[in-house]
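There are 2 protein chains.
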Amino acid sequence: MASNQEEIKLFGMLASPFVSRVEIALKLKGIEYKYEEEKWGNLSETLFKYNPVYKKVPVLVHNDKPISESLVILEYIDETWKQNPILPSDAHKRALARFWSNFIDDKYMNALRKVLYTVDEKECKIYIEESEVALEFLENELKDKFFGGEDIGLVDITAVFIAFWLPIIEEVMGLKLLNIGKFPKLYKWSQDFNNHPIVKEKLPPRESLLAFYKARFAS
Amino acid sequence: MASNQEEIKLFGMLASPFVSRVEIALKLKGIEYKYEEEKWGNLSETLFKYNPVYKKVPVLVHNDKPISESLVILEYIDETWKQNPILPSDAHKRALARFWSNFIDDKYMNALRKVLYTVDEKECKIYIEESEVALEFLENELKDKFFGGEDIGLVDITAVFIAFWLPIIEEVMGLKLLNIGKFPKLYKWSQDFNNHPIVKEKLPPRESLLAFYKARFAS
């Protein structure tokens, strides 16, 4: 638990899966924090001050010291509060967890971003295939209930987008992206992850996200 | 020091700054390893087996367990062999070191890759400006002799490309990329880094790199 003298603030945005990663990790550790909601397209001066490089959420501010970039924040949280570890203790397993969480950002999230921002149908199909190649790697990597074993860990938390955001994007865009036939293990994982008591409590309301993405894709 | 029973192998390529990162880190730790040179455009079956996801160097194999991605390997090395730490011990400083080393890959290396692969002069100029914005951030971040303080650390090692590769690329392309007038601290850092006894011993021969890049840009 954080001591009384500690001040922990999270600058976030309801619709951001990157912020959701940090919220799940803090909840897993049992850490209380103050949450500041930033406005899409109209970020606060405070956020610019804390994250002048990327100018985006999430930013975790611990006793006035800001930390940006969700994966960097997750490592910080795991090193600062030791209870309920997010990373394995074995060095090689830690390396694999870092490898796969980076993979999700570099390969999967990037491919999906292209799916979302491409108007041309043919091009979009190519990016969907690219994102499916990435999912295939994750499907093969999933050996237990969670990527972290019986408990959720770094890779599971990083993959929150796949579990919770993806079905919403599917609904908005009328696409099937996490196909249960193609990725049965990943599909089951997504159900188990979303129903995990800690995760469930921290996920944003589905209807709000749906409204947000509907508005965004319409414009 | 690695014990006698340990088997440490590095799959690399002379011209790769990502491999150089791993070589410098292993040398800093005083770890002996077997080096396997991979061929540009004709990678070995062993490398494909060890890094089926990205199919590229570097791959560190420690007692038959492979680890890919240079920044993941650096963290593994630092966790496995504790002498001469690469990362600071303080959690917030560790987060900053990770932030800036990711920044070098995400912002600087990506911008520079675009400089190198763009034929159009106008477009090239835009990417050079983008790379200079990234260097400006690094210039402002450099407060001591090295990013790691008086000793080299994660950010210095990650930035080996800027110190050693960049002047070679400048020569091959006839461009000025690390301008001493614009980036005086970074320029001095690059000299200190290249002359660091550990670094100096592990950098590839300048003439070989020059020949490699000349041939590559000619084709």
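If you read the protein sequences in the order shown, they are chains L and D. Here full-length UniProt numbering is used: the first residue of the first sequence is 1, the next is one more, and so on. Here full-length UniProt numbering is used: the first residue of the second sequence is 1, the next is one more, and so on. C-beta: ideal position from N, C-alpha, C; glycine also. From a predicted model like this one, the values you see are computed outputs, not experimental measurements.
Nonlocal neighbours in the same chain, by C-beta distance under 7 Å from residue i, ignoring five residues either side
| i | result |
| --- | --- |
| D156(D) | F146, F147, G148 and F193 |
| Y33(L) | I8, K9, L10 and L26 |
| V160(L) | P17, S20, R21 and I24 |
| K214(L) | V172 |
| D144(L) | E150 |
| W81(D) | K29 and I31 |
| L166(D) | L177 and L178 |
| residue 267(L) | One cannot answer for residue 267(L) here, as it falls past the ends of chain L, which runs 1 to 219. |
| T118(L) | C124 and Y127 |
| Q83(L) | K29 and G30 |
| A111(L) | Y127, E130, S131 and A134 |
| R187(D) | Contrary to the premise, residue 187(D) reads as Tyr rather than Arg in this sequence. Cβ neighbours of Y187(D) beyond the five flanking positions: L178 and I180. |
Residue range of the alpha helix (DSSP H) that includes residue i
| i | result |
| --- | --- |
| P66(L) | Premise fails: P66(L) lies in the beta strand (DSSP E), K65 to S68, not in any alpha helix (DSSP H). |
| Y187(L) | P184 to N195 |
| K82(L) | Segment: none, K82(L) is in no alpha helix (DSSP H) and carries neither H nor E. |
| Y213(L) | R206 to A218 |
| Y35(L) | Careful: Y35(L) lies outside any alpha helix (DSSP H), inside the beta strand (DSSP E) at K34 to E37. |
| I126(D) | E121 to E141 |
| L26(L) | P17 to K29 |
Same chain, Cβ closer than 6 Å to residue i, neighbours up to 5 away in sequence not counted
| i | result |
| --- | --- |
| K185(L) | E139 and L142 |
| E23(D) | K202 |
| I128(D) | V115 |
| S190(D) | A163 |
| F183(L) | L135 and E139 |
| P52(D) | none |
Coil, strand or helix - residue i by DSSP
| i | result |
| --- | --- |
| L71(L) | helix |
| V57(L) | coil |
| L10(D) | strand |
| F147(D) | coil |
| N42(D) | strand |
| I162(D) | helix |
| Y117(L) | helix |
| M1(L) | For M1(L), the predicted structure reports a pLDDT of 48, less than 50, and the residue's modelled location is therefore unreliable. The matter cannot be settled from this model. |
| A91(D) | helix |
Close beta carbons around residue i, own chain, < 8 Å, minus the five adjacent residues each side
| i | result |
| --- | --- |
| I67(D) | V59, L60, V61, I73 and Y76 |
| residue 239(D) | The structure shown does not extend to residue 239(D), since chain D spans only 1 to 219, so no value can be given for it. |
| F48(L) | K55 |
| K125(L) | none |
| F137(D) | F103 and K107 |
| residue 222(L) | Here chain L has residues from 1 to 219 only, and residue 222(L) is not among them. |
| R94(D) | L87 and P88 |
| G12(D) | V19, V22, E23, Y35, E36, E37, E38, V57 and P58 |
| E170(L) | K176, L177 and L178 |
| K200(L) | N194 |
| D105(D) | L71 and T158 |
| I198(D) | I24, K27, L28 and I152 |
| G174(L) | none |
| I168(D) | R206, L209, L210 and Y213 |
Counted within 10 angstroms of its Cβ, other Cβ atoms place residue i as buried (16 or more) or exposed
| i | result |
| --- | --- |
| M1(L) | Caution applies to M1(L), whose pLDDT of 48 falls short of 50 and renders its modelled position unreliable; the model cannot decide the point. |
| I102(D) | One point to set straight first is that residue 102(D) is Asn, not Ile, in the sequence displayed. Looking at its Cβ environment, which holds 16 or more other Cβ atoms inside 10 Å, N102(D) is buried. |
| F217(D) | exposed |
| S219(D) | exposed |
| D64(D) | exposed |
| S44(D) | exposed |
| V133(L) | exposed |
| N195(L) | exposed |
| Y50(L) | buried |
| D78(L) | buried |
| R98(D) | buried |
| I180(L) | exposed |
Residue i: first and last residue of the uninterrupted beta strand (DSSP E) it sits in
| i | result |
| --- | --- |
| Y108(D) | Neither: Y108(D) is in no beta strand (DSSP E) and is coded neither H nor E. |
_Measuring CB atoms only, is the region 151-170 of chain L touching the region 78-93 of chain L, in the sense that at least three cross pairs come out at less than 8 Å?_
The region 151-170 of chain L vs the region 78-93 of chain L: in contact.
*Would the region 195-210 of chain L and the region 36-45 of chain D be scored as touching if the rule is three or more Cβ pairs under 8 Å?*
With the cut-off at 8 Å, the region 195-210 of chain L and the region 36-45 of chain D do not touch.
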